[in-house]
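Here the protein sequences come in this chain order: A and B. Counting from 1 along the first sequence, just add 952 to a position and that's the residue number in the working numbering. Counting from 1 along the second sequence, just add 23 to a position and that's the residue number in the working numbering. Every residue gets a Cβ at the ideal spot worked out from N, C-alpha and C, and that includes glycine.
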Amino acid sequence: MEHAQGVAGGAPALALERVTCAFAARGSEGRYIAVEDTTLAVQPGEFVSVVGPTGCGKSTLLNVAAGLLAPSSGRTLVHGAALEGVNSRAGYMFQSDALMPWRNALDNVTAGLEFRGMTKADAAGKARAWLERVGLTGFENRYPHQLSGGMRKRVALAQMLILDPEILLMDEPFSALDVQTRQLMENELLDLWSADRKSVLFITHDLQEAISLSDRVVVLSAGPATHPLGDFAIDLPRPRDVAEIRMSPRFVELHEAIWQVLKSEVLKGYAQSKH
Amino acid sequence: MRRASTDLKTNRGLLAVYQTLLLVALFAIWYVLTETGVLAPFFFGKPLKVLEVIWEWFSGGKIYPHLAITLVETLLAFAAGSVLGLVVGLWLALSPLASALSDPYIKALNAMPRVILAPIFAVWFGLGITSKVALGVTLVFFIVFFNVYQGVKEVSPVVLANARMLGASKNQLLRYIYLPSATSWVFSSLHTSVGMAFVGAVVGEYLGSAKGVGYLILQAEGVFDINTVFAGILVLTVFALLLDFAVTKIESRLLVWRPKTAETEAM
């Protein structure tokens, strides 16, 4: 399926081409194929969600896109250029806590700038502005363990966005949060995203979250040998409120259509997880 | 009865009073046993004489240079052992080849009773401060080394991946991720390593020296002055307690970022 969506020609911001990832098996025999022959593209400015049952290799796919994991075969293209090493044009938001526990909120946000050689004073100025944008003014000196789960996610968001990456890779970033905090964070993410339309590859197992955030939803099969099964354009109007849009008839229609594809995979994944 | 025991646990002032009474009681028992001749004063000393010696040491000022020497040896051994342990620990943890190659030797050196090196150090470095520091270093090094090694191995892979995505180079990973993580493990072993440095200093002095509290004990033992030996032991004990107290203070200042168990689940 082709989705140019008003983007003027050129290469996609991020493209995975026929990516296969095989690992040495945990048990005895041979190899475990996590991801098989997956092709996926994110156009500049596009918000793409990837949904799939738990444990289907979604994170593996994201790690390949980030350059943290080299695929067994296939390749990653960033704006048309083959990726080697870590993807320096991408920001990555992890599922679990990735903040440095020995640095306070401010110093965690400045970390990326310090790595790039910016002086601490300059970096701190920018970081304060970013902490304000994510609503954490007054929490600069708190250490990660002194912040709530939602606040830690905000710090992680600021830590990623302060570097102004062209591509955002997000691995179920809000899955550990309670429903209310989660919807707040989703709306904030949409606000921040709509300001400068970065390309987003968002991984989740929550179909509602995927539809309410995205321009396009890709459904993955259950593992092993995960591959895309379907690709759905989400034509809901923006700006959106993630809580309200779930009531709209079009949302329900889309949810119904995608769930038809996803359902059997979820059941397959569930059956596998039982033994 | 139950009420009394809970009172004792909650009321810290009262607890301190009882703790002091316990100490006084122990001295009283010691006093009675040696005065009545149940324990021979020649072997067990006399508590009043012991306290008298301590009083003379402090009022006459004789003890201060010896305490200072022991303290300097302890601190030097701790500092040198920690830095060495930190560097070698980081190096071996990050270099699988070096780690595999040196593994049996590290194990052997750790298994060896290193106090036995004291005579060799005395021959190499003389009876001065250096031989005591060297002994302390061999004791401190392994504690710090194993903690740093563990600390590096247990750096969260997510934190590491995140730092790489934020653009950290190899050197920056070392400086901003591995080093802070390893240092926190060094701090968590602070009590043990300071204690070991102290043991190194005192044992070194005891085995041959010209100064230090260990030297005072050695001298007194040479003339069967058991009261002075006990006085030395008491002074060392109080000194070790003070050292431990100082370490606790430093620790709580350096590890503010560490979650306390009650705080980890804060939402």
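Note: Arg1192 (chain A) is not bridge-paired with any residue in the DSSP secondary-structure output. Identification of chain B residues near Phe1091 (chain A) by a Cβ-Cβ cut-off of 8 Å yields none; the smallest Cβ-Cβ distance measures about 13 Å. Residues of chain B whose Cβ lies closer than 8 Å to the Cβ of Pro1023 (chain A) do not exist; the shortest such Cβ separation is about 16 Å. In this structure, the beta-carbon distance from Leu1144 (chain A) to Trp1211 (chain A) does not fall below 9 Å. For Ala993 (chain A), the pairing in a beta bridge is given by DSSP as A:Ala967. Taking C-beta separations shorter than 6 Å and ignoring five residues to either side along the sequence, the partners of Leu277 (chain B) in its chain run Phe210, following chain order. Contact between Asn185 (chain B) and Phe1046 (chain A) holds: CB atoms are separated by about 6 Å, below the 8 Å threshold. Proximity of chain B to Gln1111 (chain A) at the Cβ level (cut-off 9 Å) is accounted for by Asn185 and Leu189, in chain order. Sequence-distant Cβ neighbours of Val1038 (chain A) in its own chain, meaning closer than 8 Å and more than five residues away, are Ala1018, Gly1019 and Leu1020.
In summary, the residues of the segment 1055 to 1083 of chain A whose CB is separated from some CB of chain B by less than 8 Å are Arg1055, Asn1056, Ala1063, Gly1064, Glu1066, Phe1067 and Arg1068, in the order they occur in the chain. Within 9 Å of the CB of Tyr199 (chain B), the CB atoms of chain A belong to Met1052, Arg1055, Ala1063, Glu1066 and Phe1067, in sequence order along the chain. In the structure shown, Ser1127 (chain A) adopts coil according to DSSP, grouped into three states.
For Trp280 (chain B), the nearest CB of chain A lies under 9 Å from its own CB, placing it at the interface with that chain.
If you draw a straight line from the Cα of Lys1078 (chain A) to the Cα of Lys1226 (chain A), it comes to about 49 Å. Assignment of beta-bridge partners to Phe247 (chain B) by DSSP yields no partner.
In this structure, the straight-line span from the alpha carbon of Phe169 (chain B) to that of Gly149 (chain B) is close to 30 Å. Chain-order list of chain B residues neighbouring Val1038 (chain A): Arg187 and Met188, by C-beta distance under 7 Å.
A distance below 8 Å between beta-carbons, with the five flanking residues on each side excluded, links Leu213 (chain B) to the following residues of its chain, in chain order: Val270, Ile273 and Glu274. Taking a beta-carbon distance threshold of 9 Å, Ser207 (chain B) counts as an interface residue toward chain A.
Here Ser118 (chain B) is exposed. Its C-beta has fewer than 16 other C-beta atoms within 10 Å.
For the segment 1004 to 1030 of chain A, the continuous beta strand (DSSP E) assignments of 3+ residues that do not extend past its boundaries occur at 1025 to 1030, in sequence order. Chain order gives the chain A residues near Gln195 (chain B) as Phe1067, where near means a beta carbon separation below 7 Å.
DSSP places Leu1115 (chain A) outside both helix and strand once states are collapsed to three, so it counts as coil. Cα atoms of Val1171 (chain A) and Glu1161 (chain A): separation of roughly 13 Å, rounded to the nearest angstrom. Pro1180 (chain A) is bridged by DSSP to A:Leu1172.
Collapsing the DSSP output to three states places Leu62 (chain B) in coil.
The beta-carbon of Asp1049 (chain A) is placed less than 9 Å from the nearest beta-carbon of chain B. Inter-segment contact for the segment 1023 to 1031 of chain A and the segment 1100 to 1108 of chain A is absent: fewer than three beta-carbon pairs are separated by less than 8 Å. Neighbours of Leu1115 (chain A) in chain B, taken as residues whose beta carbon is under 8 Å from its own, are Leu189 and Gly190 in chain order. Using a Cβ-Cβ cut-off of 9 Å, Leu1020 (chain A) is close to Ala184, Arg187 and Met188 of chain B, given in chain order. Residue environment analysis places Ile200 (chain B) among the buried positions, since at least 16 neighbouring C-beta atoms fall within 10 angstroms of its C-beta.
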